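Here's the structure, in structure tokens; my notes come after.
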Amino acid sequence: MDDLIVRGGHVIDGSGAVGRDADVAIGNGRILAIEPRSTRPARRVIDARGLVVAPGFIDIHTHSDFTLPLNQRAESKIRQGVTLEVVGNCGFSVAPAIPGQAAMLREYLASSATWLPFHDTTFAEYVAGFPPTSVNVILQVGHNTLRLMTAGLDNRPLTADELATMERLLEEALAAGAWGLSSGLFTAPGNFADAAEIHALARVLRRRGGAYSTHMRDEGDHVFEAVREAIAVAEATGVHVQIAHLKLSGIDNWGGAAKLLGDIEAARGRGLPIDCDAYPYDTATNPLRNLLPRWVMEGGIPAMLERLRVRGVRTRIRDEIERNGLTNFGRITSWDAVRVAISPHLPENAGRTLGDIARSRGVAPIDAVADYVVADRGETRILVTSMTEADVREITRAPWVTVGSDGNALAVTGVTSQGKPHPRYYGTHAYVLGPCVRDLRLLTLETAVAKMTGVAARALGLRDRGLLRTGACADVAVFDPARIRDRSTYENPHQYAAGVSTVVVNGEVVIDGGDHTGALPGRVLRRQAAAA
Ligand SMILES: [Zn+2]
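Going by our numbering, the residue at position 446 of the sequence shown is 446; the numbering climbs one at a time, nothing skipped.
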């Protein structure tokens with residue numbers, strides 16, 4: 001007898017093909033059969049009449065390694081039908097922390113991993129100790145973390161010894177189960193790395209069957225160069241390259257989506273192993289300090305905080321921003337486009353813009369910003385509206401661009417319910433499946449599902465997930481195509497998405513009639529296991 005049968009639903013299998021009515025039988029964690037009007041007996045029957053039955057969604061770019069240990073039920077994600085999160089992105093991973101360096105890593109990641117405890121750990125210990133969660137997890141090791149462990153926040157090329165150390169740490173992480181290496185070349189210390197350093201590490205990935213994902217060196221005024229740099233990694237080393245959260249940031253770059261997509265498609269057309277992901281919002285989130293010129297952070301956080309007190313430094317920052325726009329984000333309309341999201345030491349300011357804070361204090365914006373970074377010890381997270389909706393929609397509708405929330409698994413109660421985080425943490429997948437399909441008519445439901453299942457699985461090299469077919473792992477999402485939608489807003493972000501009634505992970509029901517069962521069937525997927 002099967003464990004479970006999902007009856008009477010409209011099966012959209014993740015391949016992009018038109019859906020069909022069928023029953024889906026599940027047992028021993030696998031899909032056992034997909035057939036119309038099945039007569040297979042099962043211990044449990046789920047009535048899916050009027051609903052869509054799809055493969056569980058893959059959130060291909062997230063930072064939930066910062067929150068899953070605090071929110072093992074992965075509430076904001078699983079309630080959208082997400083069954084797999086790829087974490088350790090943008091060069092940031094919480095392991096390895098070599099002996100004595102955990103405090104430095106905590107300080108470095110504090111504006112992102114605000115509530116997570118840190119301790120010294122090898123990557124193998126980290127994988128072994130990763131808690132059971134409701135979603136499956138793919139772990140990556142971060143280039144920023146490896147460089148921090150090797151050369152701190154020094155702005156210089158690595159010595160041969162240091163590069164060898166990084167290569168060894170990367171090999172250890174891959175042997176322990178890391179899927180690959182992520183880079184965050186937009187911020188220190190990743191931005192101190194040249195192409196040779198990245199290519200050397202990519203060659204390690206190539207040898208060990210690992211993948212490379214990158215938050216590119218620039219997403220604003222130099223985004224096209226940055227794409228070329230990412231493509232060159234695939235070209236030079238043959239490693240798979242995942243370009244993270246594709247976007248055009250900064251007023252001067254608006255309208256460039258077609259060319260940006262065209263450049264990447266051309267590289268794919270040449271046979272290069274390149275994929276990309278995007279979130280469907282015009283607003284980004286980042287540590288406030290990352291908007292400042294890169295030299296501000298040289299030498300580490302304490303050095304930055306000292307520097308920011310100096311008047312001449314502030315004048316220089318102001319002039320550089322006036323001339324070049326914000327680092328990573330380009331020119332924005334005003335400081336009202338920058339809003340405090342999470343502020344560990346000044347939590348009462350969540351939701352206020354930096355423009356508003358400057359006006360209410362009667363000070364120049366640069367002083368408000370510098371004072372804020374200092375008072376919040378560099379840990380402030382902000383929202384910055386730096387894209388244009390037309391570009392966002394053009395990227396969202398591309399059938400080959402996968403869906404990555406770039407968000408953390410949060411919950412409306414408990415430690416992760418603090419501040420006003422980006423709504424994408426709660427709504428990315430539901431927004432694409434609902435409003436983008438139904439209201440904006442950007443893409444068909446089949447294409448939307450494929451982007452977050454089959455296409456994503458192929459980008460990851462995952463063979464037994466991402467498609468609803470006999471023999472595949474039983475990760476399944478059941479939703480109402482007329483009701484699915486995001487409810488999280490910038491003003492009131494801590495709201496779960498609506499319209500997802502059943503979610504199955506590895507054959508176990510986690511969302512049942514819209515409620516979380518408390519089940520934690522997710523596991524860390526290791527690359528070796530996938531290749532076996
Ligand atoms: Zn990123």
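Every residue, glycine too, gets a C-beta built ideally from N, C-alpha and C.
Here the structure is a predicted model, which means the values were calculated and not measured.
Between the CA atoms of residue j and residue i - distance to the nearest angstrom
i, j, result
"T327", "A257", "20 Å"
"W179", "D439", "36 Å"
"G325", "T83", "38 Å"
"L148", "S249", "27 Å"
"D23", "G177", "35 Å"
"A195", "L260", "21 Å"
"S183", "V45", "44 Å"
"V412", "G271", "44 Å"
"R37", "L163", "59 Å"
"V94", "L169", "13 Å"
"H516", "S76", "11 Å"
"C436", "R527", "33 Å"
"R207", "L181", "13 Å"
"L4", "G518", "18 Å"
"T385", "G88", "24 Å"
"I12", "D21", "9 Å"
Coil, strand or helix - residue i by DSSP
i, result
"R309", "coil"
"I60", "coil"
"N286", "strand"
"R316", "helix"
"T396", "helix"
"H516", "strand"
"C436", "helix"
"N144", "helix"
"V401", "coil"
"N492", "coil"
"E298", "coil"
"L559", "Because the chain here runs from 1 to 532, residue 559 falls outside it and cannot be looked at."
"R339", "strand"
"E508", "strand"
"A74", "coil"
"R40", "coil"
"A457", "helix"
"I264", "helix"
"A529", "With a pLDDT of 44 at A529, under the threshold of 50, the modelled position of this residue cannot be trusted, and the question is left open."
"I484", "coil"
"D13", "coil"
Residue i and residue j closer than 8 Å at C-beta
i, j, result
"C473", "R73", "no"
"A42", "G9", "no"
"G16", "A450", "yes"
"R331", "I251", "yes"
"G81", "G50", "no"
"T237", "H199", "yes"
"L462", "I34", "no"
"G404", "A278", "yes"
"A226", "E219", "yes"
"V505", "D475", "yes"
"G142", "F192", "no"
"G407", "T187", "no"
"I366", "R339", "no"
Status (buried if at least 16 other CB within 10 Å, exposed otherwise) for residue i
i, result
"E491", "exposed"
"M452", "buried"
"N349", "buried"
"G434", "buried"
"H345", "exposed"
"P493", "buried"
"S213", "buried"
"T502", "buried"
"T470", "exposed"
"N144", "buried"
"M387", "buried"
"E446", "buried"
"E389", "exposed"
Identity of the residues DSSP links to residue i by a beta bridge
i, result
"F479", "V52 and V500"
"G184", "H215"
"D47", "R7"
"L326", "G330"
"D23", "E35"
"T133", "G522"
"T121", "A97"
"V384", "A284 and V338"
"R30", "G27 and C473"
"T353", "R339"
"D65", "DSSP output for D65 lists no bridge partner at all."
"I274", "V241"
Chain C contact for residue i (CB, 8 Å cutoff)
i, result
"P99", "Protein chain content of the structure displayed is limited to a single chain, and chain C is not contained in it."
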